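Read the structure below first, then the notes.
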């Protein structure tokens, strides 16, 4: 730990270094010997703070905004204007190219839609023609099939087929069969028998008097054959015959 005193040798060395520095920076009009340092009675902190403030002031002066701004020359201004015009021209060309491409795209889409619509209409027009051809071909094929069929003629006793609306005459064999069926008792009687007619019931059809009379006559004939009264009971003649 130093005592705070400076020896003579140290003072001599400091004086020698100061002289050497003075000789390096000295000009012709300045004296040959280095001037003695002025005594500063301030403390060390104050002296260091002063040096720091000087350095900060020099730095701010060097980096001020007014020192950073520089005026432009005429050539520089013309160059910047030229660059701006070129950029604007490029942007305008790009915009025009985009509009042209969009227009071409829309035209192509519209043409494709028209072509597809035309093709669809043509297809729809061809379909009925194809259906007509198919029906005509089916009819022709059916006619060809029918043309190969041979129809057998209907045999008749007279040799000529009967006309529409005319009654065909019965042959002798058919007449004999019809007469035998009429004479047959089973054919006359049948499976159902008239038991009787309930009183008070009658037919209210809109028919002529001749038809009503014929119906009543037929009922009486059947009732006589059955020998029963209107209620369904056997008649007295039948009972008397049974008692005899």
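In UniProt numbering, the protein residues as written are 1 to 244. We put the CB at the ideal spot given by N, CA and C, even for glycine. In this text the structure is predicted, and so the values were computed from the model without any measurement.
Once you ignore the five residues that flank residue 19 on each side, which residues in its own chain have a CB closer than 6 Å to its CB?
In the chain shown, counting from the first residue as 1, residue 19 sits at position 19. Closer than 6 Å at the Cβ level, and outside the excluded window around residue 19, lie 34.
Assuming residue 40 contacts residue 47 (C-beta within less than 8 Å), just tell me the rounded distance between them.
The count along the chain shown starts at 1 and reaches residue 40 at position 40. The count along the chain shown starts at 1 and reaches residue 47 at position 47. Rounded, the Cβ-Cβ distance is 6 Å, consistent with contact.
Can you tell me whether residue 7 is helix, strand or coil according to DSSP?
Here the question's residue 7 lines up with position 7 in the chain shown. Coil at residue 7, not helix or strand.
Residue from 36, 124, 117 whose Cα sits closest to the Cα of residue 15
Taking the first residue of the chain shown as position 1, residue 15 is located at position 15. Of the listed residues, the one whose Cα sits closest to residue 15 is 36.
Just to confirm the assignment, what range does the alpha helix (DSSP H) spanning residue 61 have?
Here residue 61 refers to the residue found at position 61 when the chain shown is read from its first residue. Run containing residue 61: 44-62, per the alpha helix (DSSP H) assignment.
Residue 50 versus residue 84: straight-line alpha-carbon distance, rounded:
Numbered from 1 along the chain shown, position 50 holds the residue referred to as residue 50. Numbered from 1 along the chain shown, position 84 holds the residue referred to as residue 84. In this model, residue 50 and residue 84 are separated by some 51 Å (Cα to Cα).
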